[in-house]
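If you use my numbering, the sequence shown corresponds to residues 882 to 1209, in order. All residues carry an ideal CB built from backbone N, CA and C; glycine is no exception.
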Amino acid sequence: MREHAVDRLERALSTDPPTIVAAGHLNWDVTIHVDELPTGDGETQIERLEQSGGGSAANVAVGLVGLGGDAVVFGSVGGDESGAVALRELAGAGVNPGHVLVDPDAQTSVTYVIVDAAGAVSLLANEGANESFAAAGLDDAVLADADHLHLTGQRPETAASLATAAGDHGTPRSFDPGRRVGDRAYDDAIAAVDLLFVNDREADAVAAGTDVDPRAPTDHVVVITHGGGGATVHTPEGAVHHQGFPAEAVDTAGAGDAFAAGFLAATLGDPASEARAVPADPDAYRTPLVVANACGAIAAETVTARASLSWDRLRRVVDADASTVRLE
882 MREHAVDRLE RALSTDPPTI VAAGHLNWDV TIHVDELPTG DGETQIERLE QSGGGSAANV
942 AVGLVGLGGD AVVFGSVGGD ESGAVALREL AGAGVNPGHV LVDPDAQTSV TYVIVDAAGA
1002 VSLLANEGAN ESFAAAGLDD AVLADADHLH LTGQRPETAA SLATAAGDHG TPRSFDPGRR
1062 VGDRAYDDAI AAVDLLFVND READAVAAGT DVDPRAPTDH VVVITHGGGG ATVHTPEGAV
1122 HHQGFPAEAV DTAGAGDAFA AGFLAATLGD PASEARAVPA DPDAYRTPLV VANACGAIAA
1182 ETVTARASLS WDRLRRVVDA DASTVRLE
């Protein structure tokens, strides 16, 4: 049954790919693998060092293209070589970077991703140019023509304005606010979207700081990821859970972005979906959860935050495990 659903999705996306605008951070990542983090005045040997494009919006866009979608990325980079390389990499992956702002007076944001032997991640980041963009910089026609707007971490006012503009066109909206959701005033942006992605800690922050109860939403669909414990979709009509797939984690950076890409591709690509909307029926998310968790497992086993997603890789993960989906 799961294999048939995956095959059906792949065919549907190849014949009628949805167009998704992914708005948020575009970074240049330096991924550093160590056995363990140093303490005090200690020193740790670097086991492996990789450089690649990064940033949640860019990662999701690349993942969506790998699964057959059309992706436009909206964000900003600096007028330096790192920005130029990041844009060339996105274009080479099939993402449309034509709406990215190049800020000539700023440096491209560089994120140092430190990964220990267990795959746990610590981040060192400079803001750079990754929040130089504003909602007014995106042509309104892009949102009008899109099938979906996906927001990742960015200035709260930019996220809220983009979500509102997309809503004016009837374009469904999702938001993955990321680690800083408890520190930034994302209330208006969260209120303006249809679909919210958070992990358990972020769900607690949303519950404490906004009017949305992620585990019992009244106006949203909320996807809560549980690390190695899979994920649960909460809707106003109920919840559905999938326990995830086994993974030998080498680098969990970007796993959430790959999860979101898989979830959106499966939700928007479902030929039974009406106008590619965000349904309230929890049963509609059985297959998207399987696809998303498989994508997350692939990313966790990938060095760097930029996982290469494909239906062939996804099928191998799904076929190797007899996971089930539970309605709650």
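Backbone secondary structure at residue i - three-state DSSP
{"i": "D1200", "result": "helix"}
{"i": "D1020", "result": "coil"}
{"i": "T1045", "result": "helix"}
{"i": "T1174", "result": "For clarity, residue 1174 is Asn in the given sequence; the question names Thr instead. N1174 falls in the helix class under three-state DSSP."}
{"i": "R1036", "result": "coil"}
{"i": "D1138", "result": "helix"}
{"i": "D986", "result": "coil"}
{"i": "E1182", "result": "coil"}
{"i": "E1012", "result": "coil"}
{"i": "A999", "result": "coil"}
Residue i: first and last residue of the uninterrupted beta strand (DSSP E) it sits in
{"i": "R1187", "result": "Run containing R1187: none; DSSP gives neither H nor E here."}
{"i": "D1100", "result": "From DSSP, D1100 is part of no beta strand (DSSP E); its letter is neither H nor E."}
{"i": "R1065", "result": "Taken as a continuous stretch (DSSP letters only), R1065 belongs to no beta strand (DSSP E), as it is neither H nor E."}
{"i": "H1029", "result": "H1029 to T1033"}
{"i": "V1131", "result": "Where V1131 is concerned, there is no enclosing beta strand (DSSP E), given that its DSSP letter is neither H nor E."}
{"i": "D1251", "result": "Since the displayed the chain opens at 882 and closes at 1209, residue 1251 lies outside it and no answer follows."}
{"i": "D1057", "result": "R1054 to D1057"}
According to DSSP, residues forming a beta bridge with residue i
{"i": "Y993", "result": "V911 and L1005"}
{"i": "N977", "result": "V953"}
{"i": "L1050", "result": "Correcting the residue type first, residue 1050 is His in the shown sequence and not Leu. BP columns for H1050 are empty, so no partner."}
Task: At least 3 beta-carbon pairs within less than 8 Å: the segment 967 to 985 vs the segment 930 to 943 - done: Output reads yes: the segment 930 to 943 touches the segment 967 to 985.
Task: Continuous alpha helix (DSSP H) assignments of at least 4 residues falling wholly in the segment 895 to 958 - done: Entirely contained in the segment 895 to 958, the alpha helix (DSSP H) runs reaching 4 residues are, in chain order, 937 to 947.
Task: 3 or more residues per run - each beta strand (DSSP E) lying fully within the segment 1140 to 1164 - done: The segment 1140 to 1164 contains no complete beta strand (DSSP E) run of 3 or more residues.
Open item on the list: Suppose only complete runs of 4+ residues qualify. What are the alpha helix (DSSP H) ranges in the segment 1070 to 1119, listed by chain order?
Closed with: DSSP runs (the alpha helix (DSSP H)) wholly in the segment 1070 to 1119: 1081 to 1090.
Open item on the list: Could you check whether the segment 1137 to 1147 touches the segment 1003 to 1011, counting it as contact only if at least three pairs of C-beta atoms, one from each stretch, sit closer than 8 Å?
Closed with: The answer is no - the segment 1003 to 1011 does not touch the segment 1137 to 1147, with fewer than three Cβ pairs under 8 Å.
Open item on the list: Does the contact criterion of 3 or more C-beta pairs under 8 Å hold for the segment 1024 to 1043 versus the segment 910 to 922?
Closed with: The segment 1024 to 1043 and the segment 910 to 922 do not touch, with fewer than 3 CB-CB distances between them shorter than 8 Å.
TODO: Flag this pair as touching only if the segment 1107 to 1116 and the segment 903 to 920 have three or more C-beta atom pairs under 8 Å; answer yes or no.
DONE: The segment 1107 to 1116 vs the segment 903 to 920: no contact.
- [ ] Could you tell me whether the segment 1161 to 1170 touches the segment 1083 to 1098, where touching means 3 or more Cβ pairs closer than 8 Å?
- [x] No contact exists between the segment 1161 to 1170 and the segment 1083 to 1098.
Open item on the list: Tell me whether the segment 926 to 935 and the segment 896 to 915 touch, counting them as touching only if at least three CB pairs, one residue from each stretch, are closer than 8 Å.
Closed with: Output reads yes: the segment 896 to 915 touches the segment 926 to 935.
- [ ] Please determine if the segment 1037 to 1055 and the segment 1169 to 1182 are in contact, where contact requires at least 3 C-beta pairs separated by less than 8 Å.
- [x] No, they do not touch.
TODO: Pair every Cβ in the segment 995 to 1004 with every Cβ in the segment 955 to 975, then say whether three or more of these pairs are closer than 8 Å.
DONE: No: fewer than three Cβ pairs fall under 8 Å.
Open item on the list: I want to know whether the segment 1094 to 1107 touches the segment 1074 to 1082 - three or more CB-CB distances under 8 Å.
Closed with: Contact holds: three or more Cβ-Cβ distances are below 8 Å.
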